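Chains as they are written, first to last, in our numbering: chain A, 1 to 330; chain B, 331 to 444.
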Amino acid sequence: MYTQALNTAEADDRGLEDAAKAVQFQARIDGEERIEPNDWMPAAYRKTLTRQISQHAHSEIVGMLPEGNWITRAPTLRRKAALLAKVQDECGHGLYLYAAAETLGTSREELVDAMLAGKAKYSSIFNYPTLTWADIGTIGWLVDGAAIMNQIPLCRCSYGPYARAMIRVCKEESFHQRQGYEIMLTLCRGSDEQKAMAQDALNRWWWPVLMMFGPPDATSQHSDTSTKWKIKRFSNDELRQKFVDATVPQAQYLGLTIPDPGMIQDADGHWRYSEIDWTEFKQVLAGNGPCNRDRLAARRKAHDEGGWVREAAAAYAAKRAQRRTAQAAE
Amino acid sequence: MPQSARSVGLHKQQSRENAMATPNTPLWEVFIRSRNGLAHKHVGSLHASDATMALQAARDIYTRRGEGLSIWVVPSTAITASDPADKGMMFEPAESKIYRHPTFYEVPDEVGHM
């Protein structure tokens, strides 16, 4: 399950709305109450959440592609079964999230169509290719690890349906990270070639994974609103630092080197990483990553090829409903 | 006023400018009874064309790790929900009736557990 802090809050347009209701709404948020689908909410809150939750859902669905790439080539039956279960989970997570997004009033079909039309974003991490089996280990260990860091605070998000979906997701997610780390551990205890493969995967994924937490706090424009609404509970940089601090010892245990020669541990024990190349992040978000076109093409193909199934199921349901009506009339 | 359990916008026929837009598939609410013998509990929702497919999808989406022994699927449109605006009228009367709780009544210690 994957989320990414590319979500930015809509401009606050409460000036147009009932000021008293807005005050009451903020008081409920401040009092740690959950907001539910039929409750009054500012239009910008609805819009921000619709976008964030649907982007999160799209990320789960697109996230099945890089890993699905290795299901048929997994080295053992055990690994294959685990990877298949993980990819199935990602699909389920996407569906929980679409359902949560829909409670805000936009249908799943509209959300999916926006993604297929290239109008909706998904996490930039899935625009990188999975070149070797070690990439599958690295994705589980780092990409899912980063996603967990992001998602745990979302279990306390102010919007009830989103928070509940995240609780379910987080419960299922820890197997993903552990299976990834186990793959890395096996490779690192293997031959020199296998260890080199693990190091190569880490080298390629490290920086894109750090970018998953979104732009640095100094340049993030709309975080304030999301924080005020308790959609976001930690800043991008806070979560990124937490992730780095948790990951460095895990890499050390594997005997792998983090591809950041400038990294140092400060007096408080935090691992300070070097400057992130945000031009790359912007390029990938803008559609110019290594796999952007492939990913969208694969999603469109799957959607188009499933069209006859949706049509047949709808036609069958309509026929049955008609028959029932006819029987009832007799 | 009673409401649909979901946001109002969801069930109304959505006008589409784009003729190629994917048609909406009905929404179902899923309830699962876990093995501990408790009542069916709402776990989430899904889309399916009919009840049979809804049950099959519920099994795939919500019981991948032995979460339950029985599933109910209910069309979301069949659920009538209370209006949050009526919360006061609906639930506040119960709050003042503390004599409905056992702790309201005094029983001497010597009597023991009751």
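The beta-carbon is built from N, C-alpha and C at its ideal position, and this holds for glycine as well. Fair warning: this is a prediction, and the values are worked out from it, not measured in the lab.
Close-in-space but distant-in-sequence residues of the same chain around Leu385 of chain B (CB under 7 Å, 5 per side omitted): In chain order, Ile401 and Val403 place their CB closer than 7 Å to the CB of Leu385 of chain B, counting only its own chain and leaving out the 5 sequence neighbours on each side.
To the nearest angstrom, report how far apart Ile167 of chain A and Cys155 of chain A are at their CA atoms. When rounded, the separation of the alpha-carbon atoms in Ile167 of chain A and Cys155 of chain A is 5 Å.
In chain order, what are the residue ranges of uninterrupted alpha helix (DSSP H) at least 4 long that sit wholly in the region 270-308 of chain A? List check, alpha helix (DSSP H) in window: 278-283 and 292-305.
At a Cβ threshold of 7 Å, is Ala351 of chain B touching chain A? yes
At the level of alpha carbons, what is the spacing between Ala198 of chain A and Ala82 of chain A? Looking at the two C-alpha atoms, the distance is approximately 19 Å.
Under 8 Å from the C-beta of His377 of chain B: neighbouring residues of chain A: Arg108
Between the beta-carbon of Gly289 of chain A and the beta-carbon of Cys188 of chain A, is there less than 7 Å? no
Taking Val209 of chain A as the query, report the chain B residues whose CB atoms sit under 8 Å from its CB, ordered along the chain. Chain B residues near Val209 of chain A: none, gap ~26 Å exceeds 8 Å.
Taking beta-carbon pairs under 9 Å, can you tell me which members of the region 80-112 of chain A lie near chain B? Only Ala85, Gln88, Asp89, Cys91, Gly92, Leu95, Tyr96, Tyr98, Ala99, Ala100, Glu102, Thr103, Leu104, Gly105, Thr106, Ser107, Arg108, Glu109, Glu110 and Val112 from the region 80-112 of chain A bring a Cβ to less than 9 Å from some Cβ of chain B.
Applying the 10 Å Cβ sphere with the 16-neighbour rule, what's the burial state of Thr3 of chain A? Caution applies to Thr3 of chain A, whose pLDDT of 49 falls short of 50 and renders its modelled position unreliable; the model cannot decide the point.
What number of angstroms, rounded off, separates the C-alpha of Met263 of chain A from the C-alpha of Met383 of chain B? About 53 Å.
Minimum Cβ-Cβ distance from Pro414 of chain B to chain A less than 7 Å: Pro414 of chain B counts as touching chain A.
Classification of Thr325 of chain A by the beta-carbon crowding that lies within 10 angstroms, buried from 16 upward: exposed
Helix, strand or coil at Arg153 of chain A [DSSP, three-state]: The displayed chain sequence assigns Pro, not Arg, to residue 153 of chain A. Reduced to three states, the DSSP call for Pro153 of chain A is helix.
So, is Pro438 of chain B buried or exposed, given that buried needs 16 or more other C-beta atoms within 10 angstroms? Around the beta carbon of Pro438 of chain B, a 10 Å sphere encloses fewer than 16 other beta carbons of the protein chains shown; the residue is thus reported as exposed.
Check whether the Cβ atoms of Ser379 of chain B and Ala302 of chain A sit closer than 7 Å, and answer yes or no. The answer is no: Cβ separation not under 7 Å.
Please return the same chain residues whose Cβ sits closer than 8 Å to the Cβ of Asp266 of chain A, not counting the five positions on each side in sequence. Arg272
Using a Cβ-Cβ cut-off of 6 Å (strictly less than) and excluding sequence neighbours within five positions of Cys157 of chain A, which residues of its own chain qualify? Ala163 and Ile231
Would you mind reading off the limits of the beta strand (DSSP E) that contains Pro405 of chain B? Ser400 to Pro405
Touching by the beta-carbon criterion (3+ pairs, under 8 Å), the region 55-67 of chain A and the region 124-132 of chain A: yes
Please classify Gly118 of chain A: is it buried, with 16 or more other beta-carbons within 10 angstroms of its beta-carbon, or exposed? exposed
Is any beta-carbon of chain B found at less than 7 Å from that of Ala163 of chain A? no
Gly214 of chain A beta carbon less than 7 Å from that of Gln177 of chain A: Cβ atoms of Gln177 of chain A and Gly214 of chain A: not closer than 7 Å.
Is there a Cβ of chain B sitting closer than 7 Å to that of Ala317 of chain A, yes or no? yes
Which value, in whole angstroms, describes the spacing of the CA atoms of Ala340 of chain A and Glu436 of chain B? With chain A covering only 1 through 330, there is no way to say anything about residue 340 of chain A.
With a threshold of 6 Å on Cβ separation, who are the neighbours of Pro259 of chain A within its own chain once the five nearest residues in sequence on each side are excluded? Asn203 and Trp206
Would you say the region 69-80 of chain A touches the region 39-52 of chain A, given that touching needs at least three Cβ pairs under 8 Å? no
Classify Lys171 of chain A as buried or exposed, calling it buried when 16 or more other Cβ atoms lie within 10 Å of its own Cβ. exposed
Where Asp439 of chain B meets chain A, residues with beta-carbon distance less than 7 Å: Within 7 Å Cβ-Cβ: nothing; Asp439 of chain B doesn't reach chain A, min ~38 Å.
Identified DSSP bridge partners for Gly374 of chain B: B:Val360
For Tyr159 of chain A, which of helix, strand or coil comes out of DSSP? strand
Could you name each continuous alpha helix (DSSP H) segment of 4 residues or more that falls completely within the region 173-238 of chain A, going from the start of the chain to the end? 192-211 and 223-228
Output needed in chain order: residues of the region 377-404 of chain B with a Cβ under 7 Å from some Cβ in chain A. His377, Ser379, Asp380, Met383, Ile391 and Arg394
Among the candidates A:Met41, A:Glu36, A:Asp30 and A:Ile35, whose CA atom is the shortest distance from the CA of Ala333 of chain A? In the structure as shown, chain A starts at 1 and stops at 330, and residue 333 of chain A therefore has no counterpart that could be examined.
Since Ala314 of chain A meets chain B, which of its residues come closer than 8 Å, beta carbon to beta carbon? Here the neighbours are Pro353, Thr355 and Ser379.
Report yes if the C-beta distance between Gly160 of chain A and Arg34 of chain A is below 7 Å; otherwise report no. A contact, by the Cβ cut-off of 7 Å.
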